[in-house]
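Numbering (the UniProt record's numbering), first residue to last: 1 to 211.
Heads up: the structure comes next, in structure tokens.
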Amino acid sequence: MTQLLCLGDSITDCGRLFFPNPLGNGYVKELSRMLSDTSQNFSVINKGIDGLTLEKLLHHAPSWLQATDPDIITVLIGINDIGIMMNTRRTSGQQQLLMQKFSEQYEQLARLLSDRKNTGARYRRLFFLEPFIFSCPQYYAAWKPLLLQMSGQIQKISQKHGAVFVPLQDALAQEASRSGADSITTDGIHLTPRGHQILAGKLYSSITSER
1 MTQLLCLGDS ITDCGRLFFP NPLGNGYVKE LSRMLSDTSQ NFSVINKGID GLTLEKLLHH
61 APSWLQATDP DIITVLIGIN DIGIMMNTRR TSGQQQLLMQ KFSEQYEQLA RLLSDRKNTG
121 ARYRRLFFLE PFIFSCPQYY AAWKPLLLQM SGQIQKISQK HGAVFVPLQD ALAQEASRSG
181 ADSITTDGIH LTPRGHQILA GKLYSSITSE R
């Protein structure tokens, strides 16, 4: 049995605490359905928490790792951290200090998640997902420069620690442009069922191509 642990904020959570399915009603559930059609036996665990920031994820991660000892971990985090940078009247210099702190904490997370030496088992497979935003409402367009910077930092950390970086911004934005933003996002941050399907498909392709 391959244990797959999904970590993230409300996009990962997607009502799991209130939905009959403990996987929630978003991309994690859809990913589990897709993986059930493969020859490999997966057990998918959703530990997404609404409102989670990277700092809070670092706090929870050790206990989750101990409880589940996953073989594969996916991480989608960062949009709430961008919100803190943008919605708290920080100067550009203060925003950059927060971005530096985010990068340092993501580096800590990558080291923690990849460390399996105490169990004597093989290394975990890590998939770091790109945080994303939509320019609908237009208010969020101002978030994109910081989000692009964050994406670059996550990509560098992924390469350093042998994780797979899963790009999402362009694919979701292109689909929103083709079919209308309302078909992909409910509010500029969260996803519609179609948006969750696209995200799950990208993650599924990454996981199955890396086996």
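Heads up, the beta-carbon is just placed ideally off N, CA and C, and yes, glycines get one too.
None of the values given here were measured: they were computed from a predicted structure.
Burial check for residue 5: the Cβ neighbour count within 10 Å reaches 16 or more, so the residue is buried. Looking only at 50, 138, 167, 96, the smallest Cα-Cα distance to residue 18 is reached by 50. Within the same chain, and ignoring the five residues on either side of residue 114 in sequence, the residues whose Cβ sits closer than 8 Å to its Cβ are 123, 124, 126, 161, 162, 163. At least 8 Å separates the beta-carbon of residue 48 from that of residue 83.
Taken in chain order, the unbroken stretches of alpha helix (DSSP H) that lie wholly in the region 104 to 175 and span 4 residues or more are 144 to 160. Counting every other CB atom within 10 Å of its CB across the protein chains shown gives residue 24 a total of 16 or more, marking it as buried. Sequence-distant partners of residue 80 (beyond 5 residues in either direction) whose C-beta falls short of 7 Å from its own C-beta, in its chain, are 9, 51, 52, 53. Distance from the CA atom of residue 31 to the CA atom of residue 136, rounded to whole angstroms, is 26 Å. The residue from 61, 2, 195 with its alpha-carbon nearest to that of residue 182 is 195. Sequence-distant Cβ neighbours of residue 20 in its own chain, meaning closer than 8 Å and more than five residues away, do not exist here. Your pair residue 132 and residue 169 checks out as a contact, with CB atoms roughly 4 Å apart and the cut at 8 Å. Per DSSP, residue 68 is one residue of the alpha helix (DSSP H) stretching across 54 to 68. Contiguous beta strand (DSSP E) elements confined to the region 7 to 62 occur at 42 to 46, taking only those with 3 or more residues. For residue 76, the pairing in a beta bridge is given by DSSP as 8.
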